[in-house]
Each structure stands twice: as structure tokens, then as C-alpha cells.
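Quick note: the sequence shown uses the numbering used here, first residue 1129, plus one each step.
What follows is a short report on a single structure.
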Amino acid sequence: MGAVGIVIGLRPPALDAVVALGAHCDDLAIGAGGTLHTLCAARPGLRVDALVLSGGGTAREEEERAALAAFCPGADLRLTVLTIPDGRLPAHWDEAKDALEDLRARTDPGLVLAPWAGDAHQDHRGLARLVPTAFRDHLALGYEIVKWDGDLGRPSVYQPLTPEAARTKARLLLEHYPSQRHRPWYDAEAFLGLARIRGIECGARYAEGFHTTKLTIDLAGG
């Protein structure tokens, strides 16, 4: 254990594989891009299995592949982008469930990054609810996605970001997702603003916030 600002931190001794899940292209980068970049920069060769449920075969997939390559420098990145229609996850539940089960059969990650169950978007929320059905014994952190719904909650887990990492996240989001630039909230000010707020909450300059529903600790250190 160590300290990050005024908040006690728990640091895993080893992390060899991460699963990163998104309902749409750009979800992962918005919700956990700073964390992915920080992890991959610190752990060269880290295996990152990324699964995105929609956008396959479109320009959005091309954006996602270029973006995640930039967000995961030096990683062993394995990205799958499915073709489930945007906003229709409930009608494609079996396909999404099968994809998660297939991914679980291929990897045993030390960390799962996914949307959180309180997200107002039905695709995000649905994916969050599928995660524990496939990754039952894994540390799963639910990221937040800033948007017009006003559904930001009160995260209990934080990954501090250096100012450089926070600015890199904002820059890469704007650089790699031109299809999203028309959205009135999609700008560096929004991304850095939320990161600054989460940083205040954990005693850092910037941070990303996450939700978790179950966590086991070993206070005996065995």
C-alpha cells in the first residue's frame, strides 16, 4: 500500500493482462483513456484485449483502431469490433454475451475496464451488467462517460493522471475521433474539466474515476 495525495492507495504487485470493454467506439478512450495510456506506458508489453460491441466494418472501427493504438503505447493490443447496432444492445443480448464469454476463454486478466452499471445509456448499462456474468472473479472497474444525460455519479476508485497524461488523453480524443467533433460536449475543456474534478476528489491534479461493486483485500499481506 502507498499514498496518493491524501488518499490511501492499493497497488497490484503485477499486472500482465487487461480487458477493456466498450459498447461503442470511443467509449473506452473517453472513460478510461488516461488509465490505459498510463498503464501501457508503465508496463511495456502489457496484453490488452479490447472488445467493442458496435461500429464494426465502418469508419468508426478505423477510428477506434488508430485511437487505441495511440492510447496503448507498446502494448500487445488485440481489438475486436462487433457490428451490433448502436442503441440496440437489448435486442442483441445473446451476441454480446457470447462475445464476452469467448473473450473470457482467451484471457485471464488482472483488470477489467468497462462501463458502470449506473450509466444512463442502455448500451453502456447493458454491457456493464454482462461483465460479472463472464468475468466473475476479476477486478472490474466501471468507467464514466461524460455526456448530455447528466448521469455522472460518485466514483469510489481513482487513477491519478499526470498533467501530461490528462492533456495527452484530451489531444488523442480530438485527434482520432473526427466523427464525434460535432457534439457540443466533445472538447478538451470537458475532458480536462472532469479529470480535474476527479483529481480534486482523490488529492491529485487530474484523475479518472471508476466504480466497483466487489473487491477483496488481503490486509495480512500473505
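C-beta: ideal position from N, C-alpha, C; glycine also.
Using DSSP's beta-bridge definition, name the partner residues of residue i.
{"i": "residue 1337", "result": "1286"}
{"i": "residue 1146", "result": "1176 and 1239"}
{"i": "residue 1209", "result": "1180"}
{"i": "residue 1204", "result": "1175"}
How would you label residue i, buried or exposed, when you count the other beta carbons within 10 angstroms and need 16 or more for buried?
{"i": "residue 1130", "result": "For residue 1130, the predicted model reports a pLDDT of 41, less than 50, meaning its position is unreliable; a value from the coordinates is still stated below. Exposed, since its Cβ has fewer than 16 Cβ neighbours within 10 Å."}
{"i": "residue 1236", "result": "exposed"}
{"i": "residue 1343", "result": "exposed"}
{"i": "residue 1160", "result": "buried"}
{"i": "residue 1248", "result": "exposed"}
{"i": "residue 1325", "result": "exposed"}
{"i": "residue 1269", "result": "buried"}
{"i": "residue 1310", "result": "exposed"}
{"i": "residue 1317", "result": "exposed"}
{"i": "residue 1272", "result": "buried"}
{"i": "residue 1244", "result": "buried"}
Since I believe residue j is in contact with residue i (beta carbons under 8 Å), could you give me their beta-carbon distance rounded to a whole number of angstroms?
{"i": "residue 1229", "j": "residue 1209", "result": "Wrong, their Cβ atoms sit about 17 Å apart, outside the cutoff."}
{"i": "residue 1327", "j": "residue 1288", "result": "7 Å"}
{"i": "residue 1211", "j": "residue 1184", "result": "4 Å"}
{"i": "residue 1196", "j": "residue 1156", "result": "7 Å"}
{"i": "residue 1198", "j": "residue 1300", "result": "5 Å"}
{"i": "residue 1242", "j": "residue 1259", "result": "5 Å"}
{"i": "residue 1192", "j": "residue 1307", "result": "The pair is not a contact, with the Cβ atoms about 10 Å apart (cut-off 8 Å)."}
{"i": "residue 1176", "j": "residue 1200", "result": "5 Å"}
{"i": "residue 1178", "j": "residue 1148", "result": "4 Å"}
{"i": "residue 1172", "j": "residue 1202", "result": "4 Å"}
Which residue comes first and which comes last in the beta strand (DSSP E) that contains residue i?
{"i": "residue 1176", "result": "1175-1180"}
{"i": "residue 1269", "result": "1268-1271"}
Can you give me the Cβ contacts of residue i inside the same chain, cut-off strictly under 6 Å, excluding the 5 residues immediately before and after it?
{"i": "residue 1151", "result": "1181, 1251, 1252 and 1255"}
{"i": "residue 1246", "result": "1281"}
{"i": "residue 1283", "result": "1337, 1338 and 1339"}
The alpha helix (DSSP H) that contains residue i, what's its start and end?
{"i": "residue 1261", "result": "1250-1262"}
{"i": "residue 1156", "result": "1155-1170"}
{"i": "residue 1221", "result": "1221-1234"}
{"i": "residue 1328", "result": "1316-1330"}
{"i": "residue 1304", "result": "1291-1304"}
{"i": "residue 1151", "result": "Neither: residue 1151 is in no alpha helix (DSSP H) and is coded neither H nor E."}
{"i": "residue 1198", "result": "1187-1199"}
Under 7 Å Cβ to Cβ from residue i, same chain only, skipping five residues before and after it: list those, please.
{"i": "residue 1313", "result": "1274, 1275 and 1276"}
{"i": "residue 1140", "result": "1238"}
Taking only beta-carbon atoms, is residue i less than 8 Å away from chain C?
{"i": "residue 1298", "result": "Absence of chain C from the displayed structure is noted, only one protein chain being present."}
Ignore the nearest five residues each way along the sequence and tell me which others in residue i's own chain have a CB closer than 8 Å to its CB.
{"i": "residue 1292", "result": "none"}
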